[in-house]
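S.K.: Mind looking over this structure? Questions follow.
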Amino acid sequence: MMKIMCINISSKQPKKLAEFYELIGISVFVDNGCFDGYNFGNTKNEMTICVWDENKWGKQKGEYITIVVHVDSLRLTYQDLIRKGINVEPIKKTDWGGEQLILEDPDGNIIMFLE
């Protein structure tokens, strides 16, 4: 049986990226204060996103990714992000009839919140 473990991304400022994800409410798992190879997302036993220090390992191939996050309430999430001073687009209606909330992390990756 195969199980997806993580998705790798690289960052020139991995600590700043970790602080951003903590600010917006995503769990960040850093071992011993090392910001090279840390994970964020779900628990360590589920699929996560792993961030590598681009200054040490070089730039990842490809450009940016879209991280999709499920939330209980887009409106409450939007209000919380605004309160924290995060630059976020207003909630938008999608072509498929749902709603989404989109912002970029400090490295330009897209974070899409869905309800």
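Note that our numbering gives residue 72 to position 71 of the sequence shown, counting from 1, and the numbers run on in steps of one.
Even glycine gets a Cβ: it sits at the ideal position worked out from N, Cα and C.
Using the three-state DSSP reduction, which class does N110 fall into: helix, strand or coil?
M.R.: coil
S.K.: Whole-angstrom Cβ separation of I66 and I10, contact assumed at under 8 angstroms?
M.R.: Here I66 really is in contact with I10; their C-beta atoms are around 6 angstroms apart, less than 8 angstroms.
S.K.: Kindly indicate which three-state DSSP category E55 falls into: helix, strand or coil?
M.R.: helix
S.K.: Using CA atoms only, rank isn't needed, just tell me which of G42, P15, K60 and F21 is closest to G34.
M.R.: P15
S.K.: How big is the Cα-Cα spacing for S74 and E116?
M.R.: 6 angstroms
S.K.: Cα separation between V29 and I50?
M.R.: 10 angstroms
S.K.: Could you give the distance in angstroms between the alpha-carbon of E90 and the alpha-carbon of D32?
M.R.: 33 angstroms
S.K.: Expressed to the nearest angstrom, what Euclidean distance is found between the alpha-carbon atoms of R84 and L24?
M.R.: 11 angstroms
S.K.: Express the C-alpha separation of N40 and D96 in angstroms, rounding to a whole number.
M.R.: 32 angstroms
S.K.: Between the alpha carbons of M48 and G99, how many angstroms are there, rounded?
M.R.: 25 angstroms
S.K.: Go through its chain and collect everything with a Cβ distance to K94's Cβ below 7 angstroms, but skip five positions before and after it.
M.R.: E100
S.K.: Could you pull the start and end residues of the beta strand (DSSP E) that I68 belongs to?
M.R.: T67 to H71
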